[in-house]
Amino acid sequence: MINIKSLLIIFFIVFANFSALSDDSDKVTTTSSDFETTYNEDEIFDPIEPINRVIFGFNNIADKIILEPAAKGYRKLPSPIQSGINNFLSNLRAPLVIVNQLLQGQGKNAAETTGRFVVNTTAGVLGLVDVADKIGLEEKEEDYGQTLAIWGVGDGFYVVLPIFGPSNLRDSAGLFLTYATDPFNAYAVSEDEGWIVPIRTTINALDRRSKIIDEVNALRNNSVDYYAAVRSSYYQNRKAAILNIDDSELTPLPLISVEFE
Amino acid sequence: MNFLYKILLIFLLNTTPLLADEASDWLKKKIDTILDAYKDTSISKVDRFNLIEDSINNNFAGTGISKFVAGKSWSSASKEVKKEYVKLFKKHLALNIASLMQGYSDQEYELVNAKYDEKNKVSMIDMKIHNDTGNLLVTWRVKKSKDRYFVIDLIVADISLVVTKRSEFNSMLKKVDQKLSELNDILRSQNESSYSIIIN
Numbered sequence: 013m014i015n016i017k018s019l020l021i022i023f024f025i026v027f028a029n030f031s032a033l034s035d036d037s038d039k040v041t042t043t044s045s046d047f048e049t050t051y052n053e054d055e056i057f058d059p060i061e062p063i064n065r066v067i068f069g070f071n072n073i074a075d076k077i078i079l080e081p082a083a084k085g086y087r088k089l090p091s092p093i094q095s096g097i098n099n100f101l102s103n104l105r106a107p108l109v110i111v112n113q114l115l116q117g118q119g120k121n122a123a124e125t126t127g128r129f130v131v132n133t134t135a136g137v138l139g140l141v142d143v144a145d146k147i148g149l150e151e152k153e154e155d156y157g158q159t160l161a162i163w164g165v166g167d168g169f170y171v172v173l174p175i176f177g178p179s180n181l182r183d184s185a186g187l188f189l190t191y192a193t194d195p196f197n198a199y200a201v202s203e204d205e206g207w208i209v210p211i212r213t214t215i216n217a218l219d220r221r222s223k224i225i226d227e228v229n230a231l232r233n234n235s236v237d238y239y240a241a242v243r244s245s246y247y248q249n250r251k252a253a254i255l256n257i258d259d260s261e262l263t264p265l266p267l268i269s270v271e272f273e
Numbered sequence: 002m003n004f005l006y007k008i009l010l011i012f013l014l015n016t017t018p019l020l021a022d023e024a025s026d027w028l029k030k031k032i033d034t035i036l037d038a039y040k041d042t043s044i045s046k047v048d049r050f051n052l053i054e055d056s057i058n059n060n061f062a063g064t065g066i067s068k069f070v071a072g073k074s075w076s077s078a079s080k081e082v083k084k085e086y087v088k089l090f091k092k093h094l095a096l097n098i099a100s101l102m103q104g105y106s107d108q109e110y111e112l113v114n115a116k117y118d119e120k121n122k123v124s125m126i127d128m129k130i131h132n133d134t135g136n137l138l139v140t141w142r143v144k145k146s147k148d149r150y151f152v153i154d155l156i157v158a159d160i161s162l163v164v165t166k167r168s169e170f171n172s173m174l175k176k177v178d179q180k181l182s183e184l185n186d187i188l189r190s191q192n193e194s195s196y197s198i199i200i201n
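Line order of the protein sequences matches chains A and B. Using our numbering, read the first sequence as starting at 13 and increasing by one per residue. Using our numbering, read the second sequence as starting at 2 and increasing by one per residue.
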């Protein structure tokens, strides 16, 4: 287990680098004359695109031959079992969600998530049943990447991580912090049961992948540049998660002209 | 003046939900047309796609979206190239939507929320797709023009189809020096590949 001092040093190095990079990553290079619409898109800062594309290609093959077939098999499990696994994993994430909600100053959400964790761990049989949802305690996700973003840390550049997929420097640091500070992982390691960590990660990946089989296939089969499509999707999804906004409130979205139809 | 302001406010509060509801009713019919085509096992895959393509071409702002997606390459392309590009893009859009909707054909859905953005004159309609292990939220953005509605975007799990397509096309156009004519060749080939997947 990495000690706190090492974590803080890594955190400050990463923070300092991102602050320097954030200007580039947030730069809008388009002009209004470029598009006959009202929407200007931020350029995604991807200076290591050739390397990212190689890793993306590897991940894509791994997904096609391992993850997707496994996710399809997982989806054939009876739905109560799938829901149970999903609820259990979600409940394990709750302590870190609470930490991040507090770090983002979301006291009310942190209290609700704490309530969810207590209710689901007890009445929900160790989190297998989402009892809390039924009494109005809605699930909300927050992670270190979102916390760093709220604190003003820029995206850094886009990076494709082997196996883990699309990310950026800030979210990669967030991912590292998640693994380093997760209390259940720490407990498993301290009890010499470290094998639980990769198993948990794998089941989590399977559970999440099983929910987007159709969407991924639609994107993969119909993209002229699948890499760019995934990169854009990642940024849009993260932007919404950081800002905690609903789909319909995403702004600015393109105002497509309908005068030519 | 104050009275007039109140009257205007009452008018707006009364009409904006109606506009969103009207768009919502229109959208439900169009979604059902596509999903029913998937449920009807008596028609061939080719006929099914043709039916869906017609529906998408009639109800999506294909030309406007294609223009937006092309970005700065649009203005430098010739009229013939633009015409070809719009035709290919509409096919591409139909293949994308058809492929996505195919996955939802065996699931129940409901239109749960409709909002009208007065400033931009856009209705945003939330569609909740139910399956055994959870729900997925899809938001349709609909705009009215000359007494007709057009879908201008589809947002699945916070990801806008139109924004994603522009990013994707922008990346491809950079590789071909912003030449729309060369993108047309790539698009034609991609459409052939997507079509063969959807009809097989």
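C-beta: ideal position from N, C-alpha, C; glycine also. Quick caveat: nothing in here was measured; it's all calculated off a predicted structure.
Whole-number beta carbon distance between residue j and residue i, since they are thought to touch under 8 Å
| i | j | result |
| --- | --- | --- |
| residue 195 of chain B | residue 96 of chain B | 4 Å |
| residue 256 of chain A | residue 175 of chain A | So it is not a contact: roughly 28 Å between Cβ atoms. |
| residue 25 of chain B | residue 156 of chain B | Rounded, the Cβ-Cβ distance is 16 Å, inconsistent with contact. |
| residue 149 of chain A | residue 131 of chain A | 7 Å |
| residue 153 of chain B | residue 166 of chain B | Incorrect: roughly 12 Å between the Cβ atoms, too far for contact. |
| residue 118 of chain A | residue 159 of chain A | The pair is not a contact, with the Cβ atoms about 10 Å apart (cut-off 8 Å). |
| residue 202 of chain B | residue 66 of chain B | The requested residue 202 of chain B does not occur in the structure, where chain B is confined to residues 2 to 201. |
| residue 241 of chain A | residue 79 of chain A | Wrong, their Cβ atoms sit about 18 Å apart, outside the cutoff. |
| residue 94 of chain B | residue 57 of chain B | 6 Å |
| residue 90 of chain B | residue 63 of chain B | 7 Å |
Residue range of the beta strand (DSSP E) that includes residue i
| i | result |
| --- | --- |
| residue 130 of chain B | 123-132 |
| residue 92 of chain A | Not the beta strand (DSSP E): residue 92 of chain A falls in the alpha helix (DSSP H), residues 91-115. |
| residue 137 of chain B | 135-146 |
| residue 115 of chain B | 109-118 |
| residue 179 of chain A | 177-180 |
| residue 154 of chain B | 149-157 |
| residue 10 of chain A | Any answer about residue 10 of chain A is impossible in this case: the structure gives chain A only from 13 up to 273. |
Endpoints, the alpha helix (DSSP H) within which residue i is located
| i | result |
| --- | --- |
| residue 175 of chain B | 162-176 |
| residue 78 of chain A | It is not in any alpha helix (DSSP H) - residue 78 of chain A carries neither H nor E in the DSSP assignment. |
| residue 71 of chain B | 63-71 |
| residue 163 of chain A | Looking at the DSSP string, residue 163 of chain A is not in any alpha helix (DSSP H), and its letter there is neither H nor E. |
| residue 149 of chain A | Careful: residue 149 of chain A lies outside any alpha helix (DSSP H) and carries neither H nor E. |
| residue 85 of chain B | 80-105 |
| residue 57 of chain B | 46-60 |
| residue 195 of chain A | 195-202 |
| residue 129 of chain A | 119-134 |
Where residue i falls, given that 16 or more other Cβ within 10 Å makes a residue buried
| i | result |
| --- | --- |
| residue 204 of chain A | exposed |
| residue 97 of chain A | buried |
| residue 193 of chain B | exposed |
| residue 168 of chain B | buried |
| residue 122 of chain B | exposed |
| residue 75 of chain B | buried |
| residue 131 of chain B | exposed |
| residue 211 of chain A | exposed |
| residue 199 of chain A | exposed |
| residue 141 of chain B | buried |
| residue 85 of chain A | exposed |
| residue 134 of chain A | exposed |
| residue 139 of chain B | buried |
| residue 149 of chain B | exposed |
| residue 49 of chain B | buried |
Own chain, CB closer than 6 Å to residue i, minus 5 neighbours either side, in chain order
| i | result |
| --- | --- |
| residue 100 of chain A | 139 and 140 |
| residue 85 of chain B | 185 |
8 Å CB neighbourhood of residue i in its chain, flanking five on each side removed
| i | result |
| --- | --- |
| residue 198 of chain B | 100 |
Under 7 Å by beta carbon: chain D residues contacting residue i
| i | result |
| --- | --- |
| residue 269 of chain A | Judged by its chain identifiers, the structure shown contains no chain D, and its protein chains are A and B. |
Same chain, Cβ closer than 7 Å to residue i, neighbours up to 5 away in sequence not counted
| i | result |
| --- | --- |
| residue 145 of chain A | 151 |
(request) Would you list, in chain order, the members of the segment 79-108 of chain A that have their beta-carbon closer than 7 Å to a beta-carbon of chain B? (result) 91, 94, 95 and 98
(request) Compile a chain-ordered list of the residues in the segment 158-169 of chain B whose CB is closer than 9 Å to at least one CB of chain A. (result) 158, 159, 160, 161, 163, 164, 165, 166, 167, 168 and 169
(request) Identify each residue in the segment 222-241 of chain A for which the Cβ-Cβ distance to at least one residue of chain B is less than 9 Å, and report them in chain order. (result) 222, 223, 224, 225, 226, 227, 229, 230, 231, 233, 234, 235, 236, 237, 238, 239, 240 and 241
(request) Give, in chain order, every residue of the segment 46-71 of chain B whose Cβ lies closer than 8 Å to some Cβ of chain A. (result) 62, 63, 64, 65, 66, 68 and 69
(message) Counting only Cβ-Cβ distances shorter than 7 Å, please list the residues of the segment 181-195 of chain B near chain A, keeping chain order.
(response) 187, 188, 191 and 195
(request) Check each residue of the segment 89-112 of chain B: if its Cβ is closer than 8 Å to any Cβ of chain A, include it; give the result in chain order. (result) 93, 96, 97, 100, 101, 103, 104 and 105
(message) Under 7 Å, CB to CB, which of the residues in the segment 124-158 of chain A have a partner in chain B?
(response) none
(request) Quick one: which residues of the segment 165-182 of chain A get their C-beta closer than 9 Å to a C-beta of chain B? List them in chain order. (result) none
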